[in-house]
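Asks:
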Amino acid sequence: YKNALTLAVEHQVRSIAFPAVSCGVYGYPITDACGIAVDTCVHFLGDSDQIEKIIFVLFSEDYTEYYLNYIRHL
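Quick note, in the numbering used here, the sequence shown goes up one by one and the last residue is 84.
#1: If you drop the 5 nearest sequence neighbours on each side, which residues of the same chain put their C-beta closer than 7 Å to that of phenylalanine 69?
#2: Could you tell me the distance, in whole angstroms, from the CA atom of tyrosine 76 to the CA atom of glutamine 22?
#3: Note down the Cα distance separating leucine 78 from alanine 18, rounded to an integer number of angstroms.
#4: Are the CB atoms of valine 48 and tyrosine 73 within a distance shorter than 7 Å?
#5: Alpha carbon to alpha carbon, how far is glutamate 71 from threonine 50? Give it in angstroms, no decimals.
#6: Tell me valine 67's beta-bridge partners as DSSP assigns them.
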């Protein structure tokens, strides 16, 4: 996530979307994936005001709810 966000800033991209990498069919735990994705993005945004929007593209409604709950409790 950090490298993608860094490249986005370097190329003056204002929004970026990330899938839940390896979740779903590949079985990577959503609990781990969510924490890594959200925490990395939040930390990056704390150091940069270049990115206006980050979109998380998720595999299911359950994954969406998990991400929303995680973000609500930051």
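Beta carbons: idealized from backbone N, C-alpha and C, even for Gly.
The structure displayed is predicted, hence computed values, not measured ones.
Replies: Concretely, from the data shown:
#1: So the list reads Ala30, Cys33 and Gly34, once near-sequence residues are dropped.
#2: 30 Å
#3: 24 Å
#4: no
#5: Cα-Cα distance, rounded: 22 Å.
#6: Pro29
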